Amino acid sequence: MVKNEWGNSIYPLVPGHEVAGEVTEVGSKVTKFKVGDRVGVGCMVNSCKSCQSCSDDLENYCPKIILTYSVKNVDGTITYGGYSDSMVCDENFVIRIPDALSLEAAAPLLCAGITVYSPLKYFGLDKPGLHLGVVGLGGLGHMAVKFAKAFGANVTVISTSPNKKKEALEHLGADSFVVSREQDQMQALMGTFDGIIDSVSAQHSLVPLLALVKNHGKLVMVGAPEKPLEVPAFSIIGGRKTVSGSMIGGIKETQEMIDFAAKHGVKPDIEIIAVDYVNTAMERLLKADVKYRFVIDIGNTLKASS
83 MVKNEWGNSI YPLVPGHEVA GEVTEVGSKV TKFKVGDRVG VGCMVNSCKS
133 CQSCSDDLEN YCPKIILTYS VKNVDGTITY GGYSDSMVCD ENFVIRIPDA
183 LSLEAAAPLL CAGITVYSPL KYFGLDKPGL HLGVVGLGGL GHMAVKFAKA
233 FGANVTVIST SPNKKKEALE HLGADSFVVS REQDQMQALM GTFDGIIDSV
283 SAQHSLVPLL ALVKNHGKLV MVGAPEKPLE VPAFSIIGGR KTVSGSMIGG
333 IKETQEMIDF AAKHGVKPDI EIIAVDYVNT AMERLLKADV KYRFVIDIGN
383 TLKASS
């Protein structure tokens, strides 16, 4: 969004769609929250509230979804995100943060967390004992590993980087690690996965991944490469395999996810930074120099810098 790689950014742009803080003021008709409540806001701040998706608690698929920043709001103004000391939001798009989660741990769950939790639940990949693959070990991938393990899965991380093996196994708790460029390693696992969560946004071939999936298995895309990825017909019809996608989750499911995370101790790995470190953090992001989410401590550091 910052570099307009998806072609829909509106400038001036204030990012921030994983936002956590405390309620400082409520409107006269607000009933769900009070001043002092610990809350969060994710990727959306409104929807039409009348379509089938909204009726099904899937506001994330509403054709008129209003994202947290860089889109036109219902009043015609442009939405600005959470890189600020305050924001205003419809109470129906606010998430209550359990006491067991710190605000800094809760914030990345509101996008990265729900982005991987939702497909695991929807596609039935939340059952104990399943063999699940996670492609990529970044902000999304490391959360996919943690949620899959919390569901009781046998988790294999699939990565192009051999140097991530120790991190995946010893720190994140994955059961095994495969270097996708090593054909012998990939060959040994052909047809053994119940499902794979693909979190990679770079261009890559799906054919080797589909070969890993069992008959009736699922490959779910949550990354967003700039260019289309090819899916040869025979890679899916010979085994009734499914290639699907998933985008964040509805408000009800996001609350379910954050409650689950609090109960089971699922937390992102974060690096807390001051607000004046943002430009440096952006440079580090471009170099993949972060494990695995930067969290900007705006509440404390903005006051200090001013």
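Here our numbering is used: the first residue of the sequence shown is 83, the next is one more, and so on.
Even for Gly, the Cβ is constructed at its ideal location relative to N, Cα and C.
Keep in mind the model is a prediction, meaning the values are calculated, not measured.
Put simply, the backbone Cα of T362 is about 22 Å away from that of S283. The three-state reading of DSSP puts N236 in strand, counting E and B together.
Contact check for V117 and V105: beta-carbon distance about 5 Å, within the 8 Å limit, so the pair qualifies. 8 Å or more divides the Cβ of V170 from the Cβ of F115. The C-beta of P201 has 16 or more other C-beta atoms within 10 Å across all chains shown, which makes the residue buried.
Here DSSP, grouped into helix, strand and coil, assigns I92 to coil.
For S200, the enclosing alpha helix (DSSP H) has its first and last residue at I196 to Y204. Only buried fits K300, as 16 or more other CB atoms lie within 10 angstroms of its CB. Collapsing the DSSP output to three states places N297 in a strand.
Judged by DSSP in its simplified three-state form, S258 adopts strand.
Beyond the five residues adjoining it in sequence on each side, K231 comes within less than 7 Å, by CB distance, of V237 and G255 in the same chain, given in chain order. Excluding its 5 nearest sequence neighbours in each direction, S317 has C-beta neighbours in its own chain below 8 Å: L288, V289, L292, A293 and K323, listed in chain order. Secondary structure of D208 (DSSP, three-state): coil. In this structure, V377 lies away from P97, with their beta-carbon atoms at least 8 Å apart.
Collapsing the DSSP output to three states places V170 in coil. Taking the Cβ atoms as the reference, S168 lies roughly 17 Å from I160, outside the contact range of under 8 Å. Assignment of D280 by DSSP, reduced to helix, strand and coil, places it in the strand class. For I380 against Y165, the beta-carbon gap comes to about 7 Å, under 8 Å, which counts as contact. L207 and R375 have their C-alpha atoms roughly 25 Å apart. Note on geometry: alpha-carbon atoms of L149 and N174 lie some 14 Å from one another.
Between the C-alpha atoms of V217 and V304 there is a straight-line separation of about 10 Å.
Around the beta carbon of Y199, a 10 Å sphere encloses 16 or more other beta carbons of the protein chains shown; the residue is thus reported as buried. With contacts defined as CB atoms closer than 8 Å, A187 and G221 fail to qualify as a contacting pair.
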